[in-house]
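The block underneath contains the structure these notes are about, expressed in structure tokens.
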């Protein structure tokens, strides 16, 4: 089971069909292609920082004496992005005014959203 964070748009009543459901787990695509994943997730600043660091690490790895440290740093950067990428995305949504409206444990994102809608409907009925 995975924990999912459900974010609602600013000023929109809950439940909202345009809510964003984020899995709180390792992001494999962010690990394999950090800058591309960050750009697709609209995390511009994070993508620029990671891209610059990756470029510096690649330039360092071109030197024969620094190949191993360059590879280790590149791997560590990818691992950091895979581990924290979804948290960076959630923080970016909060900065844009989105609100965390529910925390759901479920097997997949669709089921998590359905559970959220059921909880929100029960709160409105009460």
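Numbering (the numbering used here), first residue to last: 1378 to 1503.
Quick reminder that beta carbons are idealized off the backbone N, C-alpha and C, glycines included.
Check                                                                                                                                           : Outcome
Supposed contact pair residue 1427 and residue 1415 - C-beta distance, whole angstroms, cut 8 angstroms                                         : 6 angstroms
Own chain, CB closer than 8 angstroms to residue 1448, minus 5 neighbours either side, in chain order                                           : 1438
Contacts around residue 1497, its chain only, beta-carbon distance under 6 angstroms, and the 5 residues preceding and following it disregarded : 1391 and 1392
Rounded straight-line distance, which links the Cα of residue 1422 to that of residue 1433                                                      : 17 angstroms
7 angstroms Cβ shell around residue 1465 - same chain, five flanking residues per side excluded                                                 : 1420 and 1423
For residue 1402 and residue 1409, the rounded distance between their alpha carbons                                                             : 15 angstroms
C-beta contact flag for residue 1463 and residue 1385 at 7 angstroms                                                                            : no
Minimum length 4: unbroken alpha helix (DSSP H) runs contained in the region 1385 to 1450                                                       : 1405 to 1409, 1411 to 1417 and 1421 to 1438
Local conformation of residue 1472 per DSSP, three classes                                                                                      : helix
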